[in-house]
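Below you'll find the structure, written out as structure tokens, and then a few comments.
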Amino acid sequence: WLIVPCQALIGGVTQWYFAEHYGIVGILYGLILSFSLTVFWGLPVYYMYKSKRLA
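All residue numbers for the sequence shown refer to the working numbering, where the first residue is 965 and numbers rise by one.
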């Protein structure tokens, strides 16, 4: 699974960045952003690609 390591990397970077600027709320912003960029968006794209490849 490529999405999980990407989510960890994006999550770590965004949480670090937003925590420096917004404090504890920035960690939440980083989590939301990493979820939105990977799980919420990446998994549907991945499954659409897989289903078209199998068909």
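In this text, a Cβ means the ideal position worked out from N, Cα and C, and glycines have one as well. It should be emphasised that the depicted structure is a prediction, and the values quoted were computed from it without experimental measurement.
TODO: Grab me the residues of Gly990's own chain with a C-beta within less than 8 Å of its C-beta, minus the 5 sequence neighbours each way, in chain order.
DONE: Within the sequence shown, the letter at position 26 stands for residue 990. Taken in chain order, the residues that qualify are Gln979, Tyr981, Phe982, Ala983 and Glu984.
Task: Assigned secondary structure, Thr1002 (DSSP; H/G/I helix, E/B strand, else coil) - done: In the sequence shown, counting from the first residue as 1, residue 1002 sits at position 38. In this structure, Thr1002 counts as coil in the three-state DSSP scheme.
Open item on the list: Classify Gly975: buried if its beta carbon has 16 or more other beta carbons within 10 angstroms, exposed otherwise.
Closed with: To locate residue 975, count along the sequence shown from 1; it is residue 11. By the neighbour-count rule (16 or more Cβ atoms within 10 Å), Gly975 is buried.
Open item on the list: Rounding to the nearest angstrom, what Cα-Cα distance links Lys1016 and Leu966 in this structure?
Closed with: For the purposes of this step, residue 1016 is identified with residue 52 of the sequence shown, where counting begins at 1. For the purposes of this step, residue 966 is identified with residue 2 of the sequence shown, where counting begins at 1. About 19 Å.
Open item on the list: I'd like the list of long-range same chain contacts for Cys970, defined as Cβ closer than 6 Å, with 5 residues on each side in sequence excluded.
Closed with: On the sequence shown, residue 970 is found 6 positions in, with the first residue counted as 1. By the criterion of a C-beta distance shorter than 6 Å, Cys970 is surrounded in its chain by Thr1002, once the five residues flanking it on both sides are discounted.
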